[in-house]
Amino acid sequence: MNNNFSIKFISDDFETNLSKLKKKVDEMNQLFEDIKSKTNAVPGYWSGNLSSTNMESFNNFLKIFEEVSTKNKAYMDFLDETCSKYKLMETMVNKAIEDGQDELSINGSNK
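In terms of the numbering used here, the sequence shown opens at residue 17 and continues consecutively.
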(Lines of atoms letter the chains of each structure in order from A and count residues from 1; the text may use other names and numbers.)
(Lines give C-alpha, C1' and ligand atoms only; values in the text may rest on other atoms or scores of the structure.)
Protein backbone atom coordinates (compact mmCIF):
# COMPACT_ATOMS: atom_id res chain seq x y z
CA MET A 1 0.00 0.00 0.00
CA ASN A 2 1.24 3.48 -0.81
CA ASN A 3 1.68 5.40 2.45
CA ASN A 4 1.92 8.76 0.70
CA PHE A 5 -1.85 9.23 0.64
CA SER A 6 -4.38 10.01 3.31
CA ILE A 7 -8.04 10.82 3.40
CA LYS A 8 -8.86 14.20 4.84
CA PHE A 9 -12.37 15.28 5.71
CA ILE A 10 -11.01 18.62 6.87
CA SER A 11 -12.77 18.33 10.19
CA ASP A 12 -10.99 21.47 11.40
CA ASP A 13 -12.74 23.49 8.67
CA PHE A 14 -16.05 21.83 9.53
CA GLU A 15 -15.58 22.70 13.22
CA THR A 16 -14.56 26.27 12.41
CA ASN A 17 -17.59 26.83 10.19
CA LEU A 18 -19.89 25.14 12.70
CA SER A 19 -18.57 27.43 15.41
CA LYS A 20 -19.27 30.47 13.21
CA LEU A 21 -22.77 29.20 12.48
CA LYS A 22 -23.48 28.65 16.17
CA LYS A 23 -22.28 32.18 16.91
CA LYS A 24 -24.66 33.60 14.29
CA VAL A 25 -27.57 31.57 15.70
CA ASP A 26 -26.72 32.82 19.21
CA GLU A 27 -26.60 36.41 17.90
CA MET A 28 -29.97 35.95 16.22
CA ASN A 29 -31.47 34.55 19.43
CA GLN A 30 -30.04 37.44 21.47
CA LEU A 31 -31.41 40.03 19.04
CA PHE A 32 -34.81 38.43 19.24
CA GLU A 33 -34.68 38.39 23.04
CA ASP A 34 -33.92 42.12 22.93
CA ILE A 35 -36.86 42.70 20.58
CA LYS A 36 -39.12 40.58 22.78
CA SER A 37 -38.13 42.51 25.88
CA LYS A 38 -38.76 45.88 24.24
CA THR A 39 -42.03 44.75 22.67
CA ASN A 40 -43.30 43.39 25.99
CA ALA A 41 -42.66 46.83 27.51
CA VAL A 42 -44.91 48.57 24.95
CA PRO A 43 -48.19 48.07 26.87
CA GLY A 44 -46.66 50.10 29.71
CA TYR A 45 -46.79 53.27 27.61
CA TRP A 46 -49.16 52.43 24.76
CA SER A 47 -52.65 51.14 25.45
CA GLY A 48 -55.71 50.61 23.35
CA ASN A 49 -56.93 48.38 20.57
CA LEU A 50 -53.98 49.01 18.29
CA SER A 51 -51.55 48.11 21.07
CA SER A 52 -53.47 44.91 21.75
CA THR A 53 -53.49 44.03 18.05
CA ASN A 54 -49.77 44.72 17.83
CA MET A 55 -49.05 42.47 20.84
CA GLU A 56 -51.27 39.71 19.45
CA SER A 57 -49.38 39.80 16.14
CA PHE A 58 -46.06 39.78 17.94
CA ASN A 59 -47.09 36.82 20.12
CA ASN A 60 -48.06 34.89 16.99
CA PHE A 61 -44.65 35.65 15.53
CA LEU A 62 -43.04 34.65 18.82
CA LYS A 63 -44.43 31.11 18.44
CA ILE A 64 -42.87 30.85 14.97
CA PHE A 65 -39.51 32.15 16.16
CA GLU A 66 -39.46 29.72 19.08
CA GLU A 67 -40.10 26.84 16.65
CA VAL A 68 -37.26 28.04 14.41
CA SER A 69 -34.98 28.42 17.43
CA THR A 70 -35.78 24.86 18.57
CA LYS A 71 -35.08 23.51 15.07
CA ASN A 72 -31.82 25.48 14.90
CA LYS A 73 -30.68 23.93 18.18
CA ALA A 74 -31.55 20.44 16.96
CA TYR A 75 -29.65 21.10 13.74
CA MET A 76 -26.59 22.37 15.63
CA ASP A 77 -26.67 19.19 17.76
CA PHE A 78 -26.90 17.08 14.59
CA LEU A 79 -23.94 18.91 13.04
CA ASP A 80 -21.90 18.45 16.25
CA GLU A 81 -22.57 14.72 16.15
CA THR A 82 -21.82 14.52 12.42
CA CYS A 83 -18.54 16.35 12.87
CA SER A 84 -17.52 14.03 15.70
CA LYS A 85 -18.27 10.96 13.58
CA TYR A 86 -16.32 12.30 10.62
CA LYS A 87 -13.37 13.15 12.84
CA LEU A 88 -13.38 9.63 14.25
CA MET A 89 -13.57 8.10 10.77
CA GLU A 90 -10.83 10.42 9.53
CA THR A 91 -8.59 9.31 12.41
CA MET A 92 -9.35 5.63 11.79
CA VAL A 93 -8.69 5.85 8.05
CA ASN A 94 -5.45 7.78 8.46
CA LYS A 95 -4.25 5.34 11.14
CA ALA A 96 -5.04 2.40 8.87
CA ILE A 97 -3.08 4.08 6.06
CA GLU A 98 -0.15 4.77 8.40
CA ASP A 99 -0.21 1.16 9.56
CA GLY A 100 -0.15 -0.04 5.93
CA GLN A 101 -3.53 -1.74 6.15
CA ASP A 102 -5.39 -2.53 2.94
CA GLU A 103 -8.73 -2.69 4.76
CA LEU A 104 -10.31 -0.72 7.56
CA SER A 105 -11.87 -2.66 10.43
CA ILE A 106 -15.02 -1.06 11.76
CA ASN A 107 -16.62 -2.60 14.87
CA GLY A 108 -14.36 -5.63 14.55
CA SER A 109 -15.39 -6.57 11.01
CA ASN A 110 -13.54 -6.01 7.74
CA LYS A 111 -15.67 -4.81 4.88
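Built from N, CA and C at the ideal position, the CB exists for glycine as well.
Practice task
Indicate whether the contact test is met: 3 or more Cβ pairs, each with one atom in the stretch 106-119 and one in the stretch 48-62, closer than 8 angstroms.
Solution key: no
Practice task
Give a yes or no on whether the C-beta atoms belonging to Leu104 and Leu34 are separated by under 8 angstroms.
Solution key: no
Handout entry: Thr32 versus Pro59 - alpha carbon distance
Key = 43 angstroms
Practice task
Tell me whether Tyr61 sits in a helix, a strand or coil according to DSSP, three-state version.
Solution key: coil
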